[in-house]
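**Student:** In UniProt numbering, the protein residues as written are 1 to 257.
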């Protein structure tokens, strides 16, 4: 784990990857596009990250969590530099998000205590109470707002069960093909890879609304994945680490244009 920063402390790319739950491949990509470069190298050429590099990585990760693209993050960092005001603004935004999340947890806790209280009195809560609790759990687990969840539900309903099932099968096929390219190290500008990623994005777009509403649900989905990739990965037939590498690969393909 990354420890206390001081003038002598330096971190290897492996240490940074483990502490941030990012892949080494992603850190290499950030280096290639100039978003985060290790300030120092050892005599044998290995990257060494300084305290300033770690602080910059924190800002990159925080801005990604807030829904910014890599291009937007690069612009934000270039505009603000490393000044205290920019860091304060970022930390404040994160704090507000955590406070809202904590309020959700508190409401769910109170709801569950109410249900347990009724059971203690030998009374079974009515179905409406369980439905309310299920809805709260859904919000807590997915981090989507009620409006976003309703919009996603409408899109699924419009597609219909048959189309949704067909999309799942198509998506699984795309995962398998793209994972092979990740394993083989296929360049991100490979025409076949770009075609596969285009099909991936077109498939995903079917489940999101057009315009600003769709962009919001996409950004939320990205934040949910980044915050819960390990847990989400357990429900998929592929190892979580391979799926994280795949998501990073998709981002690099899109970045390459």
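Even glycine gets a Cβ: it sits at the ideal position worked out from N, Cα and C.
Note that the coordinates shown come from a computational prediction; the quantities given were computed from them, not determined experimentally.
Can you check whether the C-beta of residue 34 is within less than 7 angstroms of a C-beta belonging to chain B?
**Tutor:** The structure shown has no chain B; it contains just one protein chain.
**Student:** Taking just the CA atoms, how far does residue 110 sit from residue 117?
**Tutor:** If you take the alpha carbons of residue 117 and residue 110, they lie about 10 angstroms apart.
**Student:** From the DSSP output, in three-state form, read off residue 8 for me.
**Tutor:** Note: residue 8 maps to coil in three-state DSSP.
**Student:** Beta carbon of residue 24, beta carbon of residue 13: below 7 angstroms?
**Tutor:** Contact: yes.
**Student:** Would you kindly work out how many angstroms separate the C-alpha atoms of residue 1 and residue 16, rounded to a whole number?
**Tutor:** Residue placement at residue 1 is poorly supported in this model, since its pLDDT is 44, which falls under 50; the coordinates still yield a value, given next. Taking the straight line from one Cα to the other gives about 8 angstroms.
**Student:** To the nearest whole angstrom, what separates the beta carbons of residue 242 and residue 179, a pair I think is in contact under 8 angstroms?
**Tutor:** The pair is a contact, with the Cβ atoms about 6 angstroms apart (cut-off 8 angstroms).
**Student:** Check for me: the alpha helix (DSSP H) holding residue 198 runs from which residue to which?
**Tutor:** Looking at the DSSP string, the run of the alpha helix (DSSP H) that includes residue 198 is 191-205.
**Student:** Do you know whose CA, among 219, 10, 247, 237, lies nearest residue 200's CA?
**Tutor:** Checking every option, the nearest Cα to that of residue 200 belongs to 247.
**Student:** If we call anything under 7 angstroms between Cβ atoms a contact, is residue 60 one with residue 36?
**Tutor:** Yes; because the gap between Cβ atoms is below 7 angstroms, this pair is in contact.
**Student:** Label residue 169 either buried or exposed according to how many other C-beta atoms from any shown protein chain fall within 10 Å of its C-beta, with 16 as the threshold for buried.
**Tutor:** Exposed.
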